[in-house]
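> Sharing a structure here in structure tokens format.
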Amino acid sequence: MTSQLLLIQDALHSIQKRFTEGGSFVGVLVVILLMAAVLLALSMLQRLQTRRQPSAVINDPRKLFHTLLKRKNLGVVHRDTLRRMTSDLRLTHPAIVLLGPGLFRSHVDRWCAKLESSSIRRIPSQDDLDSLCQAIFGQPIDVPPVQEQACEDAATLVLLKDEDPQVPARS
Numbered sequence: 099m100t101s102q103l104l105l106i107q108d109a110l111h112s113i114q115k116r117f118t119e120g121g122s123f124v125g126v127l128v129v130i131l132l133m134a135a136v137l138l139a140l141s142m143l144q145r146l147q148t149r150r151q152p153s154a155v156i157n158d159p160r161k162l163f164h165t166l167l168k169r170k171n172l173g174v175v176h177r178d179t180l181r182r183m184t185s186d187l188r189l190t191h192p193a194i195v196l197l198g199p200g201l202f203r204s205h206v207d208r209w210c211a212k213l214e215s216s217s218i219r220r221i222p223s224q225d226d227l228d229s230l231c232q233a234i235f236g237q238p239i240d241v242p243p244v245q246e247q248a249c250e251d252a253a254t255l256v257l258l259k260d261e262d263p264q265v266p267a268r269s
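With positions in the sequence shown counted from 1, the corresponding number in my numbering is that position plus 98.
Okay, structure coming up:
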């Protein structure tokens, strides 16, 4: 470590000497390139260090939802549809729609009912919803919906259990 400091100190003295003696243009250019190379090496080292660190637990429900959408490798239309649905339903934990086909179906039913009553947006077709469910779960949306309160309780418990190991498993 001290040898590296001595090398850096010698380099700095060399730079100072060149400037005081009026070094050549090529010499100054070499010094600037060396400094740029050192900065590049430091930035690459810092990037490598951050990649090696484990990612932090996501405590923001929206960030978790968007991270899960990215990992599912869904198309733009499917991602936008899911974002619209969770936004229209004002879900506290939007990731619950990705937990299972039954939960997905119950939220789709609520969303379609809300869209029918408001008539602000176009209601997605059954084919669109089947395609979305197929992309997420690998099966069409023909599963029965889950009861509303059970859906919220189970999803919250699953999400909390993932975040906090102190939450007991549901029996």
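Glycine included, C-beta positions come from ideal geometry on N, C-alpha and C.
(1) I think arginine 230 touches histidine 176, with their Cβ atoms under 8 Å apart; what is that distance to the nearest whole Å?
(2) The ligand ZN and leucine 138: does any heavy atom of the ligand fall closer than 6 Å to the residue's C-beta?
(3) So, helix, strand or coil for glutamine 232, using DSSP?
(4) Is the beta carbon of valine 206 less than 7 Å from the beta carbon of leucine 227?
(5) Is it buried or exposed for serine 112, if we count other Cβ within 10 angstroms and need 16 for buried?
(6) Where do the N-terminal and C-terminal ends of the alpha helix (DSSP H) with leucine 189 fall, by residue?
(7) Please state if the CB of isoleucine 194 and the CB of leucine 201 are separated by a distance shorter than 7 Å.
(8) Thinking C-alpha only, which one of Ser141, Leu197, Arg208 is nearest proline 234?
(9) Taking only runs of the alpha helix (DSSP H) that begin and end inside the stretch 139-175, which ones reach a length of at least 4 residues, in chain order?
(10) Kindly indicate the opening and closing residues of the alpha helix (DSSP H) around leucine 196.
(11) Spatial neighbours of proline 238 within its chain, please: CB distance less than 7 Å, with the 5 preceding and 5 following residues excluded, ordered by chain position.
(12) What does the Cβ neighbour count give for arginine 149, buried or exposed, with the cut at 16 atoms within 10 Å?
(13) Where do the ends of the alpha helix (DSSP H) carrying serine 112 lie?
(14) Please report the distance separating the alpha-carbon of glutamine 107 from that of glutamine 151.
Reading from the atomic positions:
(1) Note that residue 230 corresponds to leucine in the displayed sequence, not to arginine. At roughly 5 Å, the Cβ-Cβ gap stays under 8 Å, so leucine 230 and histidine 176 are in contact.
(2) Ligands in the displayed structure: none, and consequently the ligand ZN is not present.
(3) Three-state result, glutamine 232: helix.
(4) yes
(5) exposed
(6) Counting along the chain, leucine 189 falls outside any alpha helix (DSSP H), and DSSP gives it neither H nor E.
(7) yes
(8) Per the sequence shown, the amino acid found at residue 234 is isoleucine instead of proline. Closest option to isoleucine 234, Cα to Cα, is Leu197.
(9) 159-170
(10) It is not in any alpha helix (DSSP H) - leucine 196 carries neither H nor E in the DSSP assignment.
(11) Asp228, Cys231, Gln232
(12) exposed
(13) 100-119
(14) 32 Å
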